[in-house]
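Note sheet for the following structure.
Residue numbers (my numbering): 112 to 428.
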């Protein structure tokens, strides 16, 4: 009996490491093919591939260089997250007829690092300015407020030498609901977490032919300030702006972002946002529509009607 138990343990260990070797070998081969295909547009390298029994696959030490720019982009790791190792192995059947999507799946970036002096960030800022000029948009707000984003020079004035980002996107299947999660954590700036719950569960077939109708049951956005608002207030007041003027400009910037996405927020959102700007750390926006809302049809409504359609509310904490 004892020998049989030992044999079973040895077989299990050998099976685990054998499947792990198979997974790493398959991922490495596919990665090398993708990197070779991307070679004309980007030079990508990585240090290695890792995995865990809990269901995570990591591509570690990623460096991306684009020929048009001298500065590289570094990522500590890109991770694929599944419920367990066997679900992770199941991803190797992606594209085959017997592929079954796992009950949860996410892709995460850890330690995506961009120095604020990087030439590609300067190019992004220049493209933003050109876009505003093409749309004949005159930004009369103080530059320190960052209504249309912060330039590399402004980021330096705010005290940042680099932008370090952790981000993830994934889904969960729970009680016939399709739940999508997004997170973004920017070191010493802010954290954002978004959860959207949809009615019904899409299938690979319905997604492939565009037949899945995303009907929102509820949603939640949580924004946690890590120091950005404090830095903006300090820099703007040093430039002879009053606190009320800074808050008004940041409020206008928030409404501008909403308007560009087809929403005009009402006082039930804007009043708590102003309260947040006056010194709270956390801003929470929730959607609780009376009936599930087809997100593909939101564009049919006037932007000022969308908050009522989604039954939006907010609070500052």
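From the three backbone atoms N, C-alpha and C, an ideal C-beta is built for every residue, glycine too.
Check, Outcome
"Would you call residue 197 buried or exposed, if buried means 16 or more other Cβ atoms sit within 10 Å of its Cβ?", "exposed"
"Using a 10 Å radius around the Cβ and a threshold of 16 neighbouring Cβ atoms, would you call residue 286 buried or exposed?", "exposed"
"Starting from residue 334 and walking both ways along the beta strand (DSSP E), at which residues does that stretch end?", "326-336"
"Quick one, which of 241, 176, 160, 164 has its alpha-carbon nearest residue 170's?", "160"
"If you count every other CB in all the chains shown that lies within 10 Å of the CB of residue 164, and 16 or more means buried, which is it?", "exposed"
"Along the chain, where does the alpha helix (DSSP H) containing residue 355 start, and where does it finish?", "354-371"
"Can you give the beta carbon distance from residue 252 to residue 360, rounded, assuming they're within the 8 Å contact cut?", "5 Å"
"How many Å lie between residue 354 and residue 268 at the Cα?", "18 Å"
"Looking at the strands, I want to know which residues DSSP matches up with residue 292.", "281, 306"
"Out of 313, 339, 184, 426, which one is the CA nearest neighbour of residue 256?", "339"
"How should residue 425 be labelled, buried or exposed, when 16 other C-beta atoms within 10 angstroms of its C-beta is the threshold for buried?", "buried"
"Spatial neighbours of residue 275 within its chain, please: C-beta separation below 6 Å, excluding the five flanking residues on both sides.", "224, 298"
"Return the CA-CA distance between residue 312 and residue 323, expressed in angstroms with no decimal places.", "9 Å"
"Kindly list the residues whose CB is nearer than 6 Å to the CB of residue 357, restricted to its own chain and excluding five residues on each side of it in sequence; keep chain order.", "344, 347"
"Give the straight-line distance between the Cα atoms of residue 369 and residue 418, rounded to the nearest whole angstrom.", "11 Å"
"Return the chain-ordered list of same chain residues with a C-beta closer than 7 Å to the C-beta of residue 254, the five sequence neighbours on each side being excluded.", "265"
"Any idea what DSSP makes of residue 392, helix, strand or coil?", "coil"
"Pull the bridge partners of residue 269 from the DSSP assignment, please.", "Residue 269 is not bridged to any residue."
"Between 190, 234, 349, which lies nearest to residue 157 when the distance is taken from Cα to Cα?", "190"
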